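>
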Amino acid sequence: CLSTVGRRNRPSAGTAWIDGTRAWLAGIATSLSSPTYLTLLIILRSFSNLSRGQLGH
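Residue numbers (the numbering used here): 11 to 67.
Right, dumping it as structure tokens:
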């Protein structure tokens with residue numbers, strides 16, 4: 011019941027969607043700056059390069 015009441019108290023779905031998008035963008039920004047994302051990106055790049063080399067041969 012409390013969750014539904016909290017949802018009804020929101021001004022509109024548009025503002026909620028904007029807030030959600032802002033939080034999503036903020037999460038992406040923090041994940042982009044984190045070293046774990048950089049290591050994952052490097053691993054993905056090296057893996058894609060290996061797969062390309064195997065396909066080329």
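For every residue, glycine included, the Cβ atom is placed at its ideal position computed from N, Cα and C.
None of these values were measured; they are calculated from a predicted model.
Just the Cα atoms here: how many angstroms apart are Ile53 and Asn59?
C-alpha separation (whole angstroms): 10 angstroms.
> I need the straight-line Cα distance from Tyr47 to Ala39, nearest angstrom please.
Rounded to whole angstroms, Tyr47 to Ala39 spans 11 angstroms at the Cα level.
> Rounding to the nearest angstrom, what Cα-Cα distance links Leu42 and Arg32 in this structure?
Taking the straight line joining both Cα atoms gives about 15 angstroms.
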